[in-house]
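Colleague: To start, I am sharing the structure in question, which I have written as structure tokens.
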Amino acid sequence: MKKILDTGNAACALAVKAAKVDMIAAYPITPQTSVAEKLAGYIAQGELDAKYLPVESEHSVMSAVAAAAAAGARVFTATSSQGLLYMHEILHYAAGGRLPIVMANVNRAVCAPWCLYVDHQDAVSQRDTGWIQLYAASNQEIYDTILLAYKVAEEINIPVMVNYDGFLLSHSMMPFELVDQDIIDQFLPPFEPAWRLHPDWGGTFGNVTPSENYVPFRTRLAEDIVKAGEIIENYAKEYQKLTGHWHGGLFDLYGPADAEFFLLSMGSMGAEMELAVDILRKQGIPAAGLRLRVFRPFPAQELSRLLPAGAKLLVFDRNCAFGTGGGALLGEAKAALFDRKDEIKVTGQVMGLGGEDLPAQYLAGKAREMMEVLK
């Protein structure tokens, strides 16, 4: 295996290339654009045997990859912010159609006002579309998670959105290790769909459905997304055995499992949170970091298992759940812990919107503010 120095977008594109996809459709949008550019270059130079479809909008992008996936192709696309919002209608169609699409969403704030920098509003606003959502915190994790996403999507026929922070990861240079192609081929063999649209196979796709048939379709999707958590963790362990790369299961715990204060976050904030935990522990505060890697399905049971009796949970949201007084992660955490017999105190704050800088000293200070609230 070879280690290189490159950007998060390069890590994403290299993983897609290694996955030997059949078809790519994309529309340029900052900060995702260089992902599409690199993949188009690989195809033009003969390094990737795939079809690249340039289209006029993100709505058409998702329509195109959905159609290709229904025909049995291994597909990929990437987007950000308003582009993801523009796809919204077809995101539902892709999930309901049980299409194993993998999409990289390079997180960026949404309008208005116009902003090019990171927060998680774009992805969080799509949490009920039926897509699995994974979050990466480093360029190595981007590379590995793209490969994991294909394994998961094609196992359970549910689309997967791999999220990583715009500019903070997408354009930042970091060292990361490329996995040898023979190992990737062992982990991710050629895609063989159980069913696809083909004149010889029969059947239809997405046809008009009466309620007595519609309800079982939606029920199975809901049940299978919940089951996906265990599948994600199992395949992450299989990938670790083959490559030595491990970023955590559903969560990545930093610090002692018997801490009093647990600082919960997603994305690159979770990596910076490790430094904040170090600051707090040097001050005598028994803290630990919890970085959520899998937002959908939300790992409620795992969160409850990780928190010992008497623990206090501090939630750091890089999004707004408008009308709730907090962020989406805070609401998910409270719901997950609602049935615990022993009380787990939970509070949270929204921060880092529109690319607001979140250095470790700032995060440690916000943690201390939240600790005061829980006294």
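In our numbering, the protein residues as written are 174 to 548.
For each residue, glycine too, the CB sits at the ideal point set by N, CA and C.
(1) Consult DSSP for E350 and reduce its assignment to one of helix, strand or coil.
(2) Considering K514, what are the terminal residues of the alpha helix (DSSP H) in which it resides?
(3) What does the Cβ neighbour count give for C185, buried or exposed, with the cut at 16 atoms within 10 Å?
(4) I need the straight-line Cα distance from M347 to A242, nearest angstrom please.
(5) Start and end of the alpha helix (DSSP H) containing R454?
(6) Here's a check: name, in chain order, each residue in its chain whose Cβ is nearer than 6 angstroms to the Cβ of D515, leaving out the five neighbours to either side.
(7) Would D530 be called buried (16 or more neighbouring beta carbons within 10 Å of its own) or exposed?
(8) Quick one: what's got a C-beta closer than 6 angstroms to I357's C-beta in the same chain, skipping five residues either side?
(9) Counting Cβ pairs, one atom from each stretch, are 3 or more of them under 8 angstroms apart for the segment 237–256 and the segment 461–475?
(10) Closest by CA to L479, which one among I517, G339 and S233?
(11) What does the alpha-carbon distance come out to for the pair A432 and L289?
(12) Measuring straight from C-alpha to C-alpha, what distance separates H344 and A209?
(13) Anyone know if the C-beta pair for L437 and V450 falls short of 8 angstroms?
(14) What are the residues that DSSP puts in a beta bridge with F424?
(15) Output the distance between the C-alpha atoms of G528 and Y535, rounded to the nearest integer angstrom.
(16) Checking 8 angstroms against the spacing of the C-beta atoms, do V325 and A401 come in under that value?
(17) Would I329 pass as a contact of I404 if the rule is Cβ separation under 8 angstroms?
(18) Which same chain residues, not among the five before or five after L502, have their C-beta less than 6 angstroms away from its C-beta?
(19) Contact between the segment 366–381 and the segment 279–295 is defined here as three or more beta-carbon pairs at a separation below 8 angstroms; is this criterion met?
Modeller: Looking at the atomic coordinates:
(1) In the structure shown, E350 sits in a strand (DSSP, three-state: E or B).
(2) Careful: K514 lies outside any alpha helix (DSSP H) and carries neither H nor E.
(3) That one is buried.
(4) So the two alpha carbons sit approximately 32 angstroms from each other.
(5) Element bounds for R454: S441 to K455.
(6) Excluding the 5 residues flanking it on each side, D515 has same chain C-beta neighbours closer than 6 angstroms at A482, in chain order.
(7) Answer is exposed; the Cβ neighbour count stays below 16.
(8) Non-local C-beta neighbours of I357 in its own chain, meaning closer than 6 angstroms and more than five positions away in sequence, comprise A191, ordered along the chain.
(9) The segment 237–256 vs the segment 461–475: no contact.
(10) Minimum Cα distance to L479 is reached at I517.
(11) Here the alpha carbons of L289 and A432 stand approximately 37 angstroms from one another.
(12) Here the alpha carbons of A209 and H344 stand approximately 14 angstroms from one another.
(13) No, these two residues do not count as a Cβ contact at 8 angstroms.
(14) F424 pairs with L465.
(15) Taking the straight line from one Cα to the other gives about 14 angstroms.
(16) Yes, Cβ-Cβ distance for V325 and A401 is below 8 angstroms.
(17) The Cβ atoms of I329 and I404 lie closer than 8 angstroms to each other.
(18) If the five residues before and after L502 are omitted, its C-beta is found closer than 6 angstroms to the C-beta atoms of V488 and D490, all from its own chain and listed in chain order.
(19) Too few Cβ pairs lie closer than 8 angstroms, so no.
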